[in-house]
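In what follows, a structure is listed as structure tokens, so that the remarks can point back to it.
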Amino acid sequence: MRSTGSYAHQRCVACAQNISNQKLVQGILDSIPSPEAACLSAEDISPSSNGPRDDDPDDLFAEATEEVSLDSPERQPILSDGPSPAITPVTPVMISPRVDVFDRSPDQDEDEEENRDTFDIQISVSDPEKVGDGMNAYMVYKVTTKTSLSIFSRDEVCVKRRFSDFLGLYSKLASKYMHMGYIVPPAPEKSIVGMTKVKVGKEDLSSVEFVEKRRSALERYLLRTVKHPALLKDPDVLQFLESSELPRAVSTQALSGAGILRMVNKAADAVNKMTIKMNESDAWFEEKQQQFENLDVQLRKLHASVESLVCHRKELSVNTASFAKSAAMLGNSEDHTALSRALSQLAEVEEKIDQLHQDQSYADFYLISELLGDYVRLITAVKGVFDQRMKAWAKWQDAQVMLQRKREAEAKLQYANKPDKLQQATDEIREWEGKVQQGERDFEQISKNIRREVGRFEKDRVKDFRVVIIKYLESLVHTQQQLIKYWEAFLPEAKAIA
Amino acid sequence: MTSISEDSDKEKVRSVSVDLNNDASLVIDIPDALCERDKVKFTIHIKTTLSSFQKSEFSVPRQHEDFIWLHDTIVETEEYAGLIIPPAPPKPDFEGPREKMHKLGEGESSMTKEEYAKMKQELEAEYLAVFKKTVQVHEVFLQRLSSHPMFRKDRNFQIFLEYDQDLTVRRKNAKEMFGGFFKNMVKSADEVLISGVKEVDEFFEQEKIFLLDYSSKIKDATAKAEKMTRSHKNVADDYNHISGAMNSIAADNNTAFKNVCVFFLIVCVLQKLEDRVASDQELKLTELLRYYTRDIQAAKDLLYRRARALADYENSNKTLDKARLKGKDIAQAEENQKQCLRKFDKLSESGKKELTSFKARRVVAFRKNLIEMTELEIKHAKVRRLKCCVYHDMFTQQCSGSHGKPGNMREF
Chain S
1 MRSTGSYAHQ
11 RCVACAQNIS
21 NQKLVQGILD
31 SIPSPEAACL
41 SAEDISPSSN
51 GPRDDDPDDL
61 FAEATEEVSL
71 DSPERQPILS
81 DGPSPAITPV
91 TPVMISPRVD
101 VFDRSPDQDE
111 DEEENRDTFD
121 IQISVSDPEK
131 VGDGMNAYMV
141 YKVTTKTSLS
151 IFSRDEVCVK
161 RRFSDFLGLY
171 SKLASKYMHM
181 GYIVPPAPEK
191 SIVGMTKVKV
201 GKEDLSSVEF
211 VEKRRSALER
221 YLLRTVKHPA
231 LLKDPDVLQF
241 LESSELPRAV
251 STQALSGAGI
261 LRMVNKAADA
271 VNKMTIKMNE
281 SDAWFEEKQQ
291 QFENLDVQLR
301 KLHASVESLV
311 CHRKELSVNT
321 ASFAKSAAML
331 GNSEDHTALS
341 RALSQLAEVE
351 EKIDQLHQDQ
361 SYADFYLISE
371 LLGDYVRLIT
381 AVKGVFDQRM
391 KAWAKWQDAQ
401 VMLQRKREAE
411 AKLQYANKPD
421 KLQQATDEIR
431 EWEGKVQQGE
441 RDFEQISKNI
451 RREVGRFEKD
461 RVKDFRVVII
471 KYLESLVHTQ
481 QQLIKYWEAF
491 LPEAKAIA
Chain Z
1 MTSISEDSDK
11 EKVRSVSVDL
21 NNDASLVIDI
31 PDALCERDKV
41 KFTIHIKTTL
51 SSFQKSEFSV
61 PRQHEDFIWL
71 HDTIVETEEY
81 AGLIIPPAPP
91 KPDFEGPREK
101 MHKLGEGESS
111 MTKEEYAKMK
121 QELEAEYLAV
131 FKKTVQVHEV
141 FLQRLSSHPM
151 FRKDRNFQIF
161 LEYDQDLTVR
171 RKNAKEMFGG
181 FFKNMVKSAD
191 EVLISGVKEV
201 DEFFEQEKIF
211 LLDYSSKIKD
221 ATAKAEKMTR
231 SHKNVADDYN
241 HISGAMNSIA
251 ADNNTAFKNV
261 CVFFLIVCVL
271 QKLEDRVASD
281 QELKLTELLR
291 YYTRDIQAAK
301 DLLYRRARAL
311 ADYENSNKTL
321 DKARLKGKDI
331 AQAEENQKQC
341 LRKFDKLSES
351 GKKELTSFKA
361 RRVVAFRKNL
371 IEMTELEIKH
381 AKVRRLKCCV
391 YHDMFTQQCS
401 GSHGKPGNMR
411 EF
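Residue numbers (UniProt numbering), protein chains in the order written: chain S, 1 to 498; chain Z, 1 to 412.
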């Protein structure tokens with residue numbers, strides 16, 4: 001597939017040959033870091049090191065990063081469409097056969113082994129099937145789990161699940177873990193418009209696309225969920241993946257009692273957030289929270305732009321195909337034989353190019369768009385976790401205030417000399433002392449958990465985007481190859497016009 | 001006010017018509033043009049060895065309306081009825097860039113500084129492109145005239161080139177004289193007349209069938225090509241927005257994600273380059289198609305005039321027969337008939353020559369354009385492929401070489 005051997009590595013081939021989302025996610029999956037949270041009390045991450053902030057001193061890209069630094073004037077040449085001087089520092093050494101990744105230190109090999117043994121699970125969501133008719137119809141998906149992990153009862157399990165089952169799973173996990181500071185991956189969003197089309201039975205392209213988008217999103221959701229070491233072991237998750245019958249998750253319906261309760265709670269939370277003024281003593285949290293606020297806004301904007309691009313690309317594709325047809329007609333009408341043939345060939349080239357773009361470059365931007373959508377939802381979950389910490393802090397503070405009041409009450413009673421009430425007051429003081437201690441412990445625990453979770457999140461984020469971009473770069477190379485081939489085949493036809 | 005000089009672009013610009021300036025006896029080009037609000041002032045540069053001109057090298061400023069006047073006077077000249085009259089250059093259309101400028105002004109507050117600068121750059125480039133296009137099309141019009149044995153001798157052509165003052169006064173007089181009604185006659189119902197005529201001559205029969213069909217096909221192809229180019233512009237705009245968004249994300253984030261963002265930006269830029277090149281080429285193709293749509297119309301006009309001459313001749317025959325029957329005005333009718341026949345024969349003879357050379361011209365122009373377009377596409381694709389390879393290697397090496405656990409990247 002590639003003519004230059006420098007980057008024809010097995011892994012790259014495996015990565016680029018299969019453009020399906022499944023392979024993409026499996027790529028992410030196979031590169032999971034060692035499960036630092038095999039136990040819940042994981043390593044204590046000090047405020048100064050937050051995951052991949054420390055650059056490897058041998059970072060080959062460090063120099064080049066300076067060239068492409070976003071604040072330097074050298075960046076401009078890259079973003080303009082001429083030859084970019086900023087790239088010239090790259091010596092031919094870089095293009096020659098890549099450093100063999102197997103040349104690694106023994107520690108790294110150990111991690112490798114750990115990876116393989118402790119995280120071997122593949123999940124796929126496939127075969128969407130419509131069950132029922134009319135407005136009561138729903139789609140059922142096949143969920144296949146292949147694993148060698150011992151917590152599962154079998155090597156390979158297949159179950160059938162519907163969309164509300166996924167929502168139900170998320171709902172359970174969120175209620176169990178969010179308040180502890182775990183970032184629970186959110187399930188894909190409901191879409192009334194999308195689903196109605198499917199229910200009504202429209203077999204057109206947009207409903208097929210909708211089902212495929214949803215299937216893929218559900219798969220990514222499950223994979224993200226099991227990637228989380230604590231969630232992987234959760235009984236609800238295991239039940240979801242393994243048991244053939246699952247109790248129907250009715251409370252996920254939008255207009256159910258539970259749905260309305262959820263809306264009310266959300267509103268209440270929003271109000272609380274406004275009234276809690278937390279004294280942030282930890283600079284890390286302050287900084288991170290601001291970062292995530294910014295990232296939320298920026299990602300949404302980016303996502304909107306990419307969706308617009310995907311849309312315009314589709315338009316371009318339609319217009320290119322239409323032009324190709326028109327050029328073919330013109331070729332037919334032309335009475336000069338050689339020119340007629342050349343015009344028909346031109347039409348064919350344009351059609352082929354259009355197909356090429358549809359299969360490759362456009363498809364990849366579509367993947368980027370989906371990934372961005374996932375991250376917009378994930379950031380919301382991250383922000384939720386920070387809010388939970390604020391709540392924990394508030395609870396602790398409230399307990400302290402209560403304790404103070406009880407102490408004051410006891411002091412008053414001592415003056416008033418009522419021995420029976422005094423005993424009760426002392427008991428209450430002890431109770432609230434306990435609550436204060438618990439509140440402080442909870443707050444510290446959630447803070448610790450969040451630091452770890454955020455570190456993991458940031459690593460995953462880098463990985464996820466890297467995967468997509470590498471794939472994109474590879475398919476870009478392939479696209480250019482094909483373009484060269486098509487135009488070089490056309491050139492003699494153009495020259496043959498006489 | 002914008003002005004351009006085209007020294008380096010002379011070869012590239014003349015893509016729709018070839019070899020028009022080969023005859024050194026009269027060489028015309030438009031080296032410069034000024035844009036003042038709505039009006040474009042072209043500087044025409046003439047070099048000639050012909051004695052009919054007063055000077056051998058000189059320049060003169062002309063407006064678009066002057067070109068239209070020249071075209072109209074030529075159309076209305078009876079003598080040229082048997083020739084394909086070079087199509088008039090279309091009015092300079094700055095609507096696209098102007099609209100964009102308006103949108104840019106409105107959206108300034110919602111964009112980042114860099115995004116704004118980029119869009120402004122794009123806008124200027126678009127403006128320049130429209131400008132170049134209109135200069136080219138006016139230049140080609142004059143060159144078609146100067147390279148044609150009959151048109152180059154036209155009195156009004158000479159006035160256009162030499163008259164050292166404003167032509168506005170002359171234009172007004174001409175309008176009053178002709179009132180433009182002949183033009184209207186030509187434009188209406190020409191296809192009906194052309195197809196209704198019973199053709200005896202095999203050559204003209206073929207030409208008629210071909211031109212009528214080709215005309216509608218090329219109009220359609222031009223419209224579709226224009227739509228495609230517009231789509232490309234939309235996509236390029238999107239890339240601008242995406243780049244802007246990525247910039248702000250990268251600025252805020254830790255190094256690892258920043259590197260990812262940088263590569264995302266590179267991906268956007270590469271993709272945008274591809275689109276820009278593709279749309280440039282298509283623009284060339286679109287210009288070619290547009291020009292020949294107009295030229296085909298000019299050829300059809302010739303057929304129309306010939307068809308009218310034929311109709312006149314047939315009428316004169318009928319009149320002659322009637323006159324013979326009545327025994328009155330026979331001589332007059334005979335003279336009329338002879339004249340009509342002469343006119344028709346003249347039109348047929350020169351028409352045949354013109355249509356044959358038209359086909360040759362068209363084929364040569366398409367060939368040149370298609371070859372140029374293809375060669376540029378190949379060249380750019382090769383450059384992009386090299387860039388992609390370099391970036392890919394840089395990126396994968398960076399991924400595997402840093403951040404603690406290189407084992408994570410074993411898939412890559």
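Heads up, the beta-carbon is just placed ideally off N, CA and C, and yes, glycines get one too. Just so you know, these numbers come straight off a predicted model, no measurement behind them.
Relative to chain S, which residues along the region 103 to 123 of chain Z have a C-beta separation below 9 Å, given in chain order?
E114, K118, Q121
Does the beta carbon of S357 of chain Z come closer than 8 Å to any beta carbon on chain S?
As a position in the second sequence, residue 357 of chain Z is number 357, starting the count at 1. With 8 Å as the cut-off, S357 of chain Z does not count as an interface residue toward chain S.
Indicate whether at least one CB of chain S lies closer than 8 Å to the CB of F203 of chain Z.
Locating residue 203 of chain Z in the second sequence gives position 203, where the first residue counts as 1. Closer than 8 Å: no.
Distance between beta carbons of L356 of chain S and T479 of chain S, contact taken as under 8 Å
The residue labelled residue 479 of chain S in the question sits at position 479 within the first sequence. The residue labelled residue 356 of chain S in the question sits at position 356 within the first sequence. Their Cβ separation, rounded to whole angstroms, is 6 Å, which keeps T479 of chain S and L356 of chain S in contact under 8 Å.
Boundaries of the beta strand (DSSP E) in which Q122 of chain S is found, first to last residue
Position 122 of the first sequence, counted from the first residue, corresponds to residue 122 of chain S. Segment 121 to 131, the beta strand (DSSP E) holding Q122 of chain S.
Status (buried if at least 16 other CB within 10 Å, exposed otherwise) for Q271 of chain Z
Position 271 of the second sequence, counting from 1, holds the residue named residue 271 of chain Z. Classification for Q271 of chain Z: buried.
What's the gap between the Cα of D296 of chain S and the Cα of E212 of chain S?
For the purposes of this step, residue 296 of chain S is taken as residue 296 along the first sequence, with counting starting at 1. For the purposes of this step, residue 212 of chain S is taken as residue 212 along the first sequence, with counting starting at 1. So the alpha carbons of these two residues sit roughly 26 Å apart.
Boundaries (first-last residue) of the alpha helix (DSSP H) holding P235 of chain S:
By 1-based counting over the first sequence, the position of residue 235 of chain S is 235. Segment 235 to 242, the alpha helix (DSSP H) holding P235 of chain S.
Please confirm whether A117 of chain Z and Q298 of chain S have their CB atoms less than 8 Å apart.
To locate residue 117 of chain Z, count along the second sequence from 1; it is residue 117. To locate residue 298 of chain S, count along the first sequence from 1; it is residue 298. No.
When you compare only the Cα positions, how much space is there between D213 of chain Z and N247 of chain Z?
On the second sequence, position 213 is the one that residue 213 of chain Z refers to. On the second sequence, position 247 is the one that residue 247 of chain Z refers to. Looking at the two C-alpha atoms, the distance is approximately 52 Å.
Please determine, among Z:E106, Z:F264, Z:W69, the residue with the shortest C-alpha to C-alpha distance to V467 of chain S.
Taking the first residue of the first sequence as 1, we reach residue 467 of chain S at position 467. The option with the nearest alpha carbon to V467 of chain S is Z:F264.
Which of helix, strand or coil does DSSP assign to Y291 of chain Z?
Sequence index remark: in the second sequence, residue 291 of chain Z carries index 291 (1-based). In this structure, Y291 of chain Z counts as helix in the three-state DSSP scheme.
Using a beta-carbon distance below 8 Å, is D398 of chain S in contact with chain Z?
By one-based count along the first sequence, residue 398 of chain S stands at place 398. No, D398 of chain S lies away from the interface with chain Z (no Cβ there is under 8 Å from its Cβ).
Report the rounded CA-to-CA distance for A278 of chain Z versus D238 of chain Z, giving the unit in angstroms.
By one-based count along the second sequence, residue 278 of chain Z stands at place 278. By one-based count along the second sequence, residue 238 of chain Z stands at place 238. Roughly 16 Å separates the two Cα atoms.
Selected residue, minimal CA-CA separation from D236 of chain S, among S:E219, S:S171, S:L371:
For the purposes of this step, residue 236 of chain S is taken as residue 236 along the first sequence, with counting starting at 1. Of the candidates S:E219, S:S171, S:L371, the one whose C-alpha sits nearest the C-alpha of D236 of chain S is S:S171.
At the level of alpha carbons, what is the spacing between A311 of chain Z and I84 of chain Z?
Translated into the one-based positions of the second sequence, residue 311 of chain Z becomes position 311. Translated into the one-based positions of the second sequence, residue 84 of chain Z becomes position 84. About 20 Å.
Helix, strand or coil, according to DSSP, for S59 of chain Z in the structure here?
As a position in the second sequence, residue 59 of chain Z is number 59, starting the count at 1. Looking at S59 of chain Z - three-state DSSP - the assignment turns out to be strand.
Buried versus exposed call for Q339 of chain Z [16 or more other C-beta atoms within 10 Å across all chains shown]
Against the second sequence, residue 339 of chain Z aligns to sequence position 339. Burial call: exposed.
Please report the distance separating the alpha-carbon of L403 of chain S from that of I429 of chain S.
In the first sequence, the residue the question calls residue 403 of chain S occupies position 403. In the first sequence, the residue the question calls residue 429 of chain S occupies position 429. Straight-line Cα distance between these residues: approximately 6 Å.
As an exercise, report each continuous alpha helix (DSSP H) stretch of at least 4 residues that is fully enclosed by the region 50 to 113 of chain Z, in chain order.
64 to 75, 95 to 107
Under the three-state reduction of DSSP, which class applies to M278 of chain S: helix, strand or coil?
What you label residue 278 of chain S is simply residue 278 of the first sequence in a count that begins at 1. Of the three classes helix, strand and coil, the one that applies to M278 of chain S here is coil, per DSSP.
Check whether chain S comes within 8 Å of I371 of chain Z, counting only Cβ atoms and requiring the distance to be less than that.
On the second sequence, residue 371 of chain Z is found 371 positions in, with the first residue counted as 1. With 8 Å as the cut-off, I371 of chain Z counts as an interface residue toward chain S.
Spatial distance of I74 of chain Z from L339 of chain S (CA atoms):
Position 74 of the second sequence holds residue 74 of chain Z. Position 339 of the first sequence holds residue 339 of chain S. Whole-angstrom Cα-Cα distance: 31 Å.
Beta bridge counterpart(s) of H45 of chain Z as assigned by DSSP:
Along the second sequence, read from residue 1 onward, the residue named residue 45 of chain Z stands at position 45. The partner list for H45 of chain Z (beta bridge, DSSP) reads Z:D29, Z:S59.
If you reduce the DSSP assignment to three classes, tell me which class E274 of chain Z lands in.
To locate residue 274 of chain Z, count along the second sequence from 1; it is residue 274. If DSSP states are grouped into helix, strand and coil, E274 of chain Z belongs with the helices.
Please return the same chain residues whose Cβ sits closer than 6 Å to the Cβ of T134 of chain Z, not counting the five positions on each side in sequence.
Position 134 of the second sequence, counted from the first residue, corresponds to residue 134 of chain Z. Correct list, in chain order: P92.
Do Q400 of chain S and I446 of chain S have their C-beta atoms within less than 8 Å of each other?
Position 400 of the first sequence, counting from 1, holds the residue named residue 400 of chain S. Position 446 of the first sequence, counting from 1, holds the residue named residue 446 of chain S. No. Outside cutoff.
On the three-state DSSP scale, how would you describe L167 of chain Z?
Looking up residue 167 of chain Z in the second sequence gives position 167. It is coil, neither helix nor strand.
Bridge-paired residues (DSSP) for K146 of chain S:
One-based indexing of the first sequence puts residue 146 of chain S at position 146. DSSP lists S:Q122, S:E156 as partners of K146 of chain S.
Using a threshold of 7 Å, is the CB atom of P235 of chain S nearer than that to any non-hydrogen atom of the ligand NAD?
No copy of the ligand NAD appears in this structure; indeed no ligand is present at all.
Endpoints, the alpha helix (DSSP H) within which H179 of chain S is located:
As a first step, residue 179 of chain S is located in the first sequence; it is residue number 179 there, counting from the start. From DSSP, H179 of chain S is part of no alpha helix (DSSP H); its letter is neither H nor E.
According to DSSP, simplified to helix, strand and coil, what is V184 of chain S?
Counted from its first residue, the first sequence places residue 184 of chain S at position 184. DSSP places V184 of chain S in coil when its eight states are reduced to three.
Rounded to whole angstroms, what's the CA-CA distance from E375 of chain Z to K233 of chain S? Just pull it up for me.
To locate residue 375 of chain Z, count along the second sequence from 1; it is residue 375. To locate residue 233 of chain S, count along the first sequence from 1; it is residue 233. Taking the straight line joining both Cα atoms gives about 60 Å.
Is the Cβ of R385 of chain Z closer than 8 Å to any Cβ of chain S?
Position 385 of the second sequence, counting from 1, holds the residue named residue 385 of chain Z. Closer than 8 Å: yes.
Report yes if the CB atom of G373 of chain S is closer than 8 Å to the CB atom of H303 of chain S, and no otherwise.
As a first step, residue 373 of chain S is located in the first sequence; it is residue number 373 there, counting from the start. As a first step, residue 303 of chain S is located in the first sequence; it is residue number 303 there, counting from the start. Yes, the Cβ-Cβ distance between G373 of chain S and H303 of chain S is below 8 Å.
I'd like to check one pair, A347 of chain S with M328 of chain S: are the Cβ atoms closer than 8 Å?
Taking the first sequence and counting its residues from 1, one reaches residue 328 of chain S at position 328. Taking the first sequence and counting its residues from 1, one reaches residue 347 of chain S at position 347. At residue 328 of chain S the sequence reads Ala, which differs from the Met that was named. Yes, they are a contact pair.
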